[in-house]
Ligand code: PGA
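Right, here's the structure in full:
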């Protein structure tokens, strides 16, 4: 049985003060009620130390931190990049990779995303690999083709990494047209693509691996649509952008994932 996973992607938002308020509001809830799901908060790198000190404690061992990217290089002359070993210094469990904003704004391609996923898995952490089609691709019936290409690029690299368990892999289906727009894929649209992803995992890996890998949905998830989305058989939680900046809304979404 897959545990649901709800991830807060704070993108380039937050400040020391705002984060402290968020943590206070988040911790005022009874987090024991959320013990049946995994929750990850992904702030900007610069706030990892603050989040580690103020957020993580023994209240809920299934609450962890994540980052929004990692370098594919291990160390060296890579100005501005952050390595996996640096990330591991901060009790990080998850690393978001290949978000459509990074693909579009930082020119990350399928191959780079795949190499980063291999680095994260080799370090024993969970890569959250984002896949998603543009509005134009959806309207020209290319959704399946795009998702299959993006997933295949990752699986081709990961299948070559000896001895790395792929059960830590998380896939996030995020239709680009639904990110930050208020438009959400309907539960049926999302389930259709999640089913397609699970089928490809079965063919490329094994039925057992496909059943254990979590596939989460992202794109304008809010308290009023989370329940229906998370109720679909192949949707194992959510990647939450805008609504995760409000601790109350984020908690409501987490509740819907139970
Ligand atoms: P959104 O962002 O919830 O604001 O649409 C999701 C994401 O980009 O991960």
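In my numbering, the protein residues as written are 1278 to 1535. Ideal placement from N, C-alpha and C gives every residue a C-beta, glycine not left out.
Asked	Found
Contact check, residue 1375 vs residue 1407, beta carbons under 8 Å	yes
With 16 other Cβ atoms within 10 Å as the buried cut-off, status of residue 1459	exposed
Run of the alpha helix (DSSP H) containing residue 1333, from where it starts to where it stops	Counting along the chain, residue 1333 falls outside any alpha helix (DSSP H), and DSSP gives it neither H nor E.
Contact check, residue 1371 vs residue 1402, beta carbons under 8 Å	yes
Nearest-angstrom Cβ-Cβ length linking residue 1515 and residue 1487, presumed shorter than 8 Å	In fact, because the Cβ distance is near 20 Å, the residues do not count as touching under 8 Å.
Inter-stretch contact at 8 Å, needing at least 3 Cβ pairs: the segment 1297-1306 / the segment 1519-1531	yes
For residue 1450 and residue 1288, the rounded distance between their alpha carbons	17 Å
Three-pair Cβ contact test at 8 Å for the segment 1413-1431 versus the segment 1325-1342	no
Spatial distance of residue 1365 from residue 1471 (CA atoms)	30 Å
Under the three-state DSSP convention, the category residue 1306 falls into	coil
Among 1501, 1394 and 1469, nearest to residue 1436 - alpha-carbon criterion	1394
Alpha helix (DSSP H) runs contained entirely in the segment 1365-1399, provided each spans 4 or more residues	1377-1382 and 1387-1399
Minimum length 4: unbroken alpha helix (DSSP H) runs contained in the segment 1400-1424	1412-1416
Cβ-Cβ separation, residue 1286 to residue 1345 (assumed contact under 8 Å), whole Å	6 Å
Residue 1468 burial status per 10 Å Cβ neighbour count (16 or more: buried)	buried
Paired residues, beta bridge with residue 1342 - DSSP	1318 and 1369
beta-carbon residue 1368 near the ligand PGA non-hydrogen atom, thresh 7 Å	no
Three-state secondary structure (DSSP) of residue 1285	strand
Check whether residue 1452 and residue 1409 have beta carbons under 8 Å apart	yes
Residue 1449 - DSSP class collapsed to helix/strand/coil	strand
Buried versus exposed call for residue 1427 [16 or more other C-beta atoms within 10 Å across all chains shown]	buried
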